[in-house]
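A.B. asks: Have a look at this one.
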Amino acid sequence: MRSTVTGGAGFLGSHLVELLLDAGDEVVVLDDESTGRPDNLRDVIDDPRLEYRVGSILDPDAVRAAVRGSDRVFHLAAAVGVRRIVEHPLEGLRVNVHGTENVLDACVAHDARLLLVSTSEIYGKNTADALSETADRILGSPLVARWTYAAAKGLDESFAHAYMQEYGLEVAIARPFNTVGPRQTGRYGMVVPNLVGQALREEPLTVFGDGQQSRCFSSVYDVVPAFVRLIEEPHALGQAVNLGGGTEISILELAERILSITGSRSRIRLVPYEEAYGDGFEDMRRRVPDNSLAHELIGFVPRTGVDEIVWSVASTLEDPGVARSAEWGAFRAYARARRTHIPAISTSR
Ligand SMILES: NC(=O)c1ccc[n+]([C@@H]2O[C@H](COP(=O)([O-])OP(=O)(O)OC[C@H]3O[C@@H](n4cnc5c(N)ncnc54)[C@H](O)[C@@H]3O)[C@@H](O)[C@H]2O)c1
-17 MRSTVTGGAG
-7 FLGSHLVELL
3 LDAGDEVVVL
13 DDESTGRPDN
23 LRDVIDDPRL
33 EYRVGSILDP
43 DAVRAAVRGS
53 DRVFHLAAAV
63 GVRRIVEHPL
73 EGLRVNVHGT
83 ENVLDACVAH
93 DARLLLVSTS
103 EIYGKNTADA
113 LSETADRILG
123 SPLVARWTYA
133 AAKGLDESFA
143 HAYMQEYGLE
153 VAIARPFNTV
163 GPRQTGRYGM
173 VVPNLVGQAL
183 REEPLTVFGD
193 GQQSRCFSSV
203 YDVVPAFVRL
213 IEEPHALGQA
223 VNLGGGTEIS
233 ILELAERILS
243 ITGSRSRIRL
253 VPYEEAYGDG
263 FEDMRRRVPD
273 NSLAHELIGF
283 VPRTGVDEIV
293 WSVASTLEDP
303 GVARSAEWGA
313 FRAYARARRT
323 HIPAISTSR
């Protein structure tokens, strides 16, 4: 089996590439290294079955060349992260709409099956108790940059569906909720690596708004294997499938857990959204997945709890300023003194 992974040098993509190589696939990566890093693939970069291509999904020739000869394509390349989208909305729209069209075209041209990685962001401000795949989307104004990501990803799903209908493309759609794990960077506004990094550096933990907004975090080790099972499951074709965490937690509670787990003496600082993202920024109060379709189709169950997720990030945080700092040493010594288990720094699943 030959698989192409767009965005394979990123957080989720690099874990997926490792998993596919482990399963015996040949893998082609296409990544423009905008938010991903080849270093994320350092454990497998010398594997002769891995072909690493630097290029953009905005370049149709590069996409076709990366897809040619592949049986299946995992499309993860995207402009991601609230901060990046708010600061560069145009780039986000172009990459997330036109780039995806190029991937869809290439899959049709080369007769490859596709897993389109969408996002729970498409549900917007819908705060239902459990969002099923048919839940309504409640988005703010198209002029509020934050919603352009959800709008573009929603359009991607519609495009994919239309390509299936009109060109017979075999496509399944994954909607991950907030997924966390080693190699995720806090640079673009991802909350767990941000807060863990602040805790390890003994800086104030910045929690936006009143901190009562809640999320269900899931682990990369639960979500990435589900990508592979979804593309292999014939009944998933033509469907969009939620992949979310099992426990709802407010961001304030999360920050408190992080302080307790890392033993940090940092304090929590509530920061108004406007201070962080400018006037008119909107966020959603809660987002809770209904995972029953994923369970029915592929037996998906999110097994990793919040504490374990925090540990996996803290113990592998790759920001050299943190991981090799005195604070990091102190953290490890602290954890040893408390006989707390620190997972080994590895990529094992
Ligand atoms: N991490 C999450 O919580 C989460 C949740 C829902 C959906 N997703 C989706 O999962 C996918 C991967 O996200 P991630 O969290 O791993 O982020 P990431 O930033 O680590 O990965 C995105 C990758 O795409 C690459 N990329 C960006 N623009 C590109 C372009 N024009 N051409 C080629 N490559 C490009 C980046 O360099 C990076 O390697 C995205 O599609 C994202 O929307 C992630």
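Here the working numbering is used: the first residue of the sequence shown is -17, the next is one more, and so on.
Built from N, CA and C at the ideal position, the CB exists for glycine as well.
Would you list the residues sitting across from leucine 23 in a DSSP beta bridge?
C.D. replies: Bridge partners of leucine 23: none, in fact.
A.B. asks: Are the CB atoms of glutamate 215 and phenylalanine 141 within a distance shorter than 8 Å?
C.D. replies: no
A.B. asks: How about glutamate 238: is its Cβ closer than 7 Å to a heavy atom in ligand 1?
C.D. replies: Outside the cutoff, so no.
A.B. asks: Please name the residue or residues paired with glutamate 8 in a DSSP beta bridge.
C.D. replies: Arg(-16)
A.B. asks: Do the CB positions of leucine 279 and valine 223 come within less than 8 Å of each other?
C.D. replies: yes
A.B. asks: Taking the Cβ atom as the reference point for each residue, do phenylalanine 263 and arginine 128 lie within a distance shorter than 8 Å?
C.D. replies: Yes. Within cutoff.
A.B. asks: Counting only runs of 3+ residues fully inside the stretch 180 to 208, write out the beta strand (DSSP E) ranges in chain order.
C.D. replies: 187 to 190 and 196 to 198
A.B. asks: State the start and end residues of the unbroken alpha helix (DSSP H) segment that holds tyrosine 259.
C.D. replies: 255 to 259
A.B. asks: Ordered along the chain, which non-local residues of its own chain (more than five positions away) have a Cβ less than 8 Å from that of aspartate 265?
C.D. replies: Arg128, Phe190, Gly191, Gln195 and Tyr255
A.B. asks: Can you give, in chain order, each stretch of the beta strand (DSSP E) that sits fully within the stretch 34 to 97 and has at least 3 residues?
C.D. replies: 54 to 57
A.B. asks: Quick one: Cα of arginine 31 to Cα of threonine 298, how far?
C.D. replies: 26 Å
A.B. asks: Name the one or two DSSP bridge partners that leucine 279 has.
C.D. replies: In DSSP, leucine 279 forms no bridge with anything.
A.B. asks: Just verifying my parser: in three-state terms, what is the DSSP assignment at glycine -8?
C.D. replies: coil
A.B. asks: Which of the three DSSP states, helix, strand or coil, is assigned to valine 153?
C.D. replies: Here DSSP, grouped into helix, strand and coil, assigns valine 153 to strand.
A.B. asks: DSSP three-state label for glycine 136, please.
C.D. replies: Looking at glycine 136 - three-state DSSP - the assignment turns out to be helix.
A.B. asks: Determine the extent of the beta strand (DSSP E) in which alanine 117 is found, giving its start and end residues.
C.D. replies: Where alanine 117 is concerned, there is no enclosing beta strand (DSSP E), given that its DSSP letter is neither H nor E.
A.B. asks: With respect to 7 Å, is the separation between the Cβ of leucine 23 and the closest non-hydrogen atom of ligand 1 below this value?
C.D. replies: No; taking the cut-off as 7 Å, the Cβ of leucine 23 has no heavy atom of ligand 1 nearer than that.
A.B. asks: Do the stretch 172 to 184 and the stretch 222 to 239 touch if we need at least three Cβ pairs shorter than 8 Å?
C.D. replies: Segments in contact, yes.
A.B. asks: Please indicate yes or no: does the CB of alanine 61 lie closer than 7 Å to some heavy atom of ligand 1?
C.D. replies: True, at least one ligand heavy atom lies under 7 Å from that Cβ.
A.B. asks: Can you name the start and end residues of the alpha helix (DSSP H) that isoleucine 104 belongs to?
C.D. replies: Taken as a continuous stretch (DSSP letters only), isoleucine 104 belongs to no alpha helix (DSSP H), as it is neither H nor E.
A.B. asks: Within its chain, find whatever has a CB closer than 6 Å to the CB of alanine 132; leave out the 5 residues flanking it on each side and keep chain order.
C.D. replies: Glu103, Ile104, Gly106 and Leu121
A.B. asks: Might you give, ordered along the chain, the residues of its own chain that have their beta carbon closer than 8 Å to the beta carbon of leucine 97, omitting 5 neighbours on each side?
C.D. replies: Arg54, Val55, Phe56, His57, Val153, Ala154, Ile155, Ala156, Phe209, Leu212 and Ile213
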